Amino acid sequence: MSFREKSTWVLLAVTIIVYGWYFATTLGGALGSGTPPVVDNVRLFGAVVVMVILSVVAHIVIAILPPKEADAADERDRLIELRGDQRGGSVMTVALFSTLGLALAGASVFWIAHAALAGLVVSELVKAVTKLIDYRRGV
Amino acid sequence: MSMGKPTRITNRLRELRFHSQEMTQAELAAKVGVTRQTIIAIEQGKYSPSLEVAFQIARVFGVPLEEAFQYPKD
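Protein chains in written order, with the numbering used here: chain A, 1 to 139; chain B, 1001 to 1074.
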């Protein structure tokens, strides 16, 4: 498995763990409560910081572990990256317009912020999954 | 989600490597500046290299392009 493919697995896993935890713990309470939910800035930015730290640590680990092929990217890696960006971008566009719709419909800041964040997360997941499929199936 | 495009290009890389003192995939990859996984993908018919990489591979073995890569006539 190439470094880029391992890196994609790492990002997929970290994204699912961190944002899975964040959304599970945040939306569960928000949907249940009668009062309009408020964005917990500390938790939201905390999730982003944890995500970055975990990604960096995991990348250091896969770079150290043999076989040492760290950061080698060739034309095939770049093609797969582009195809992933293309699909992730389409999802991002749909998510953006959905968020815009929420804003125009007068949704609270909490739901607008989380729709935007969910859009980012889902587009990253789509990108990672399509890249892994491309790596396995071929392009 | 689109399927990986089925390539009609075939190649004789495995055979050419064997006849070049059993050159490894890693050695060929290093000579043309791609990852070992890309050489594996090419040999498995899962990836068609760019024309530039194809020429570089043929040059490593000292053969014309069409001895390394083939395309069906029909």
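All C-beta atoms, glycine included, are put in the ideal place defined by N, C-alpha and C.
If you're wondering where the values come from, they're calculated on a predicted model, not measured in any experiment.
Could you tell me the boundaries of the alpha helix (DSSP H) in which residue i lies?
i	result
residue 1062 of chain B	Note, residue 1062 of chain B: premise wrong, no alpha helix (DSSP H); not H, not E.
residue 101 of chain A	75 to 104
residue 30 of chain A	3 to 32
residue 38 of chain A	First-last for residue 38 of chain A: undefined, no H or E at that position.
residue 126 of chain A	109 to 137
residue 1025 of chain B	1025 to 1032
residue 1015 of chain B	1013 to 1019
residue 1037 of chain B	1036 to 1043
How should residue i be labelled, buried or exposed, when 16 other C-beta atoms within 10 angstroms of its C-beta is the threshold for buried?
i	result
residue 162 of chain A	Only positions 1 to 139 of chain A appear in the structure, and residue 162 of chain A is not among them; the question remains open.
residue 88 of chain A	buried
residue 35 of chain A	exposed
residue 119 of chain A	buried
residue 1008 of chain B	exposed
residue 11 of chain A	buried
What does residue i reach in chain B if we use C-beta pairs closer than 8 Å?
i	result
residue 78 of chain A	Going along chain B, no residue has its Cβ under 8 Å from residue 78 of chain A, so there is no contact; the nearest lies around 10 Å.
Do you know offhand how far residue i's Cα is from residue j's?
i	j	result
residue 1047 of chain B	residue 1038 of chain B	7 Å
residue 1043 of chain B	residue 1013 of chain B	6 Å
residue 1026 of chain B	residue 81 of chain A	22 Å
residue 1015 of chain B	residue 24 of chain A	54 Å
residue 1093 of chain B	residue 1017 of chain B	It is not possible to answer for residue 1093 of chain B, since the shown part of chain B is limited to 1001 through 1074.
residue 138 of chain A	residue 1041 of chain B	7 Å
residue 2 of chain A	residue 78 of chain A	13 Å
residue 52 of chain A	residue 1033 of chain B	30 Å
For residue i, go through chain A and note every residue whose CB falls closer than 8 Å to its CB, in chain order.
i	result
residue 1079 of chain B	Coverage of chain B is limited to positions 1001 through 1074, which leaves residue 1079 of chain B absent and any answer about it impossible.
residue 1050 of chain B	75
Under 9 Å Cβ-Cβ, which residues of chain B neighbour residue i?
i	result
residue 84 of chain A	Going along chain B, no residue has its Cβ under 9 Å from residue 84 of chain A, so there is no contact; the nearest lies around 11 Å.
residue 2 of chain A	1035, 1036, 1037 and 1038
residue 46 of chain A	Those within 9 Å of residue 46 of chain A in chain B number zero; the least Cβ separation is about 33 Å.
Find the residues of chain B that neighbour residue i, judging by a C-beta separation of less than 7 Å, and give them in chain order.
i	result
residue 88 of chain A	None at all; the shortest Cβ gap to chain B is about 12 Å.
residue 138 of chain A	1004, 1041, 1046 and 1047
residue 72 of chain A	1035
Residues of chain A with CB under 7 Å from residue i, in chain order?
i	result
residue 1053 of chain B	75
For a test of your reading of the model: does the CB of residue i fall under 7 Å from any non-hydrogen atom of the ligand ZN? Yes or no.
i	result
residue 1041 of chain B	Summarising the ligand content, the structure contains no ligands, and the ligand ZN is consequently not present.
Anything in the segment 1025 to 1046 of chain B with a Cβ closer than 8 Å to a Cβ of chain A? List those residues in chain order, please.
-> 1033, 1034, 1035, 1036, 1037, 1038, 1041, 1044, 1045 and 1046
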